[in-house]
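Enquirer:
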Amino acid sequence: MCADHRKTPPLNPAILEELACPVCLSALRLDESRLQCVGCGRLYPIVDGIPVLIAERASVPGPE
Ligand SMILES: [Zn+2]
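When you line the sequence shown up against our numbering, it's residues 1 to 64, in that order.
#1: Would you identify the three-state DSSP class for LEU19, choosing helix, strand or coil?
#2: Ligand 1 heavy atoms versus the CB of ARG42: any closer than 8 Å?
#3: Does the beta carbon of VAL23 fall short of 8 Å from some heavy atom of ligand 1?
#4: With a threshold of 16 other CB atoms inside 10 Å of the CB of ALA58, please say whether the residue is buried or exposed.
#5: Count the other CB atoms, across all protein chains shown, that sit within 10 Å of the CB of ARG29; report buried if there are 16 or more and exposed otherwise.
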């Protein structure tokens, strides 16, 4: 087994329970290195382990 690069979450998962989407107040889940809102689907960046829950910084899943 060469499982040297195990996935370490960029953020303490316990923090997720304390956070909510600033737009729709839904819960957030960890998606790769970002947080995704389970309500509106916005993706919030995590910078240096700190989730940036700012609506203007979020990526909105594109309804064209
Ligand atoms: Zn949301």
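Yeah, the Cβ is synthetic: ideal placement off N, Cα and C, and Gly gets one too.
Expert: Answer, in terms of the structure:
#1: Stepping through the sequence shown from its first residue, residue 19 is reached at position 19. Three-state DSSP puts LEU19 in coil, outside helix and strand.
#2: Here residue 42 refers to the residue found at position 42 of the sequence shown. For ligand 1, at least one heavy atom lies less than 8 Å from the Cβ of ARG42.
#3: Your numbering for residue 23 matches position 23 in the sequence shown. Yes, Cβ of VAL23 sits closer than 8 Å to a heavy atom of ligand 1.
#4: Within the sequence shown, numbered from 1, the residue matching residue 58 stands at position 58. Buried, because 16 or more other Cβ atoms sit within 10 Å of the Cβ of ALA58.
#5: Taking the sequence shown and counting its residues from 1, the one referred to as residue 29 is at position 29. It counts as exposed.
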